[in-house]
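Residue numbers (this note's numbering), protein chains in the order written: chain A, 709 to 835; chain B, 709 to 835.
For glycine and all other residues, C-beta sits at the position ideal for the given N, C-alpha and C.
Before any comments, here is the structure.
Protein chains: 2
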Amino acid sequence: MKYQSPAIGNEISCVMHQIKNRVLKNNKKLEGILISGLKKDNFNILGKISHEFNPHGYTITILLSESHAAFHTYPEYNSLFFYLYSCRGSDDGRKTYEFVKKKLKPFYEDFNERAIIVNNKFKSLNI
Amino acid sequence: MKYQSPAIGNEISCVMHQIKNRVLKNNKKLEGILISGLKKDNFNILGKISHEFNPHGYTITILLSESHAAFHTYPEYNSLFFYLYSCRGSDDGRKTYEFVKKKLKPFYEDFNERAIIVNNKFKSLNI
């Protein structure tokens, strides 16, 4: 059988605001939260790469069989940017997002989600 | 002086369609194109992680001092998903995007761009 990825992926892009300092500056814990969320959502982790900035700030991307996820922190603003792109279909990755949000407890957030159509045949169907 | 990131980042998320097979299946070349574009746009590369799928498909994320970039290919659909998040301010990363597009020559694309406000103080200003 010829391999075909689902024709639609899902992108979640969210800034979480007013996260407590002790959470936002614990980089090891942040990594654990993101990885736990992805595993609970049955994503397969291929690898990860991260960096700690001076004097503060942390950035991590996690490569998945199903695309990728990332955290970028802004301790100076008490905010964190969360990103997840999944190729498993529309609405996917919500479980990871909900887990992360539950753990980080932002006071409010700027949430965006978008279906990503990777199969151009949809274009002619006006989807 | 206390370090502060710019209060606005920029997210570019684009599916490029109908890329020629010989381009889309040359993973080493794709990596080179993404890295060249980022360097020409003065991004600082901290590291990269990639994976080649069987029977086809390639995925790479590049960690930047200014956040991250990624390619995910769909040879079965002749398409590629390009992502770049930069914390350097609004409209940033266009130079990388234009370079990638020029090299990959998609027949058409689904381009999305969004300012990411990481400083919650903007909320009260209704920006």
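Which chain A residues are close to residue 784 of chain B, counting only those with a beta carbon under 8 angstroms from its beta carbon?
Translated into the one-based positions of the second sequence, residue 784 of chain B becomes position 76. The answer, in chain order, is 710, 711, 712, 713.
Measuring alpha carbon to alpha carbon, tell me which of A/822, A/825, A/800 ends up nearest residue 748 of chain A.
Taking the first residue of the first sequence as position 1, residue 748 of chain A is located at position 40. Answer by Cα proximity: A/800.
Does the beta carbon of residue 731 of chain A come closer than 8 angstroms to any beta carbon on chain B?
Numbered from its first residue, the first sequence carries residue 731 of chain A at position 23. Answer no: the Cβ-Cβ gap between residue 731 of chain A and chain B never drops below 8 angstroms.
Leaving out the 5 sequence neighbours to the left and right, which residues in its chain are closer than 6 angstroms to residue 786 of chain B when beta-carbon positions are compared?
The residue labelled residue 786 of chain B in the question sits at position 78 within the second sequence. For residue 786 of chain B, where only same-chain residues beyond five positions count, the Cβ hits under 6 angstroms are 726, 727.
Around the C-beta of residue 736 of chain B, are 16 or more other C-beta atoms found within 10 angstroms, so that it is buried, or is it exposed?
In the second sequence, the residue the question calls residue 736 of chain B occupies position 28. Label assigned to residue 736 of chain B: exposed.
Looking only at its chain, what residues have a beta carbon closer than 7 angstroms to the beta carbon of residue 833 of chain B, apart from the 5 residues adjacent to it on each side?
Numbered from its first residue, the second sequence carries residue 833 of chain B at position 125. Since pLDDT at residue 833 of chain B reaches only 45, below the 50 mark, its modelled position is unreliable, and the value read off the structure follows with that caveat. Taken in chain order, the list of residues that qualify is empty.
For residue 818 of chain B, would you say it is in contact with chain A, using Cβ-to-Cβ distances shorter than 8 angstroms as the test?
Indexing the second sequence from 1 puts residue 818 of chain B at position 110. Yes - at least one Cβ of chain A is within 8 angstroms of the one on residue 818 of chain B.
Would you call the stretch 775-792 of chain B and the stretch 772-789 of chain A touching, i.e. three or more CB-CB distances under 8 angstroms?
At 8 angstroms Cβ cutoff, the stretches touch.
Apart from the five residues on each side of it in sequence, which residues of its chain come closer than 6 angstroms, Cβ to Cβ, to residue 803 of chain A?
The count along the first sequence starts at 1 and reaches residue 803 of chain A at position 95. Within the same chain, residue 803 of chain A has close Cβ partners 749.
Cutting at 7 angstroms between CB atoms, please list the residues of its own chain near residue 820 of chain B, excluding the five before and the five after it.
Position 112 of the second sequence, counting from 1, holds the residue named residue 820 of chain B. Result list for residue 820 of chain B: 721, 722, in chain order.
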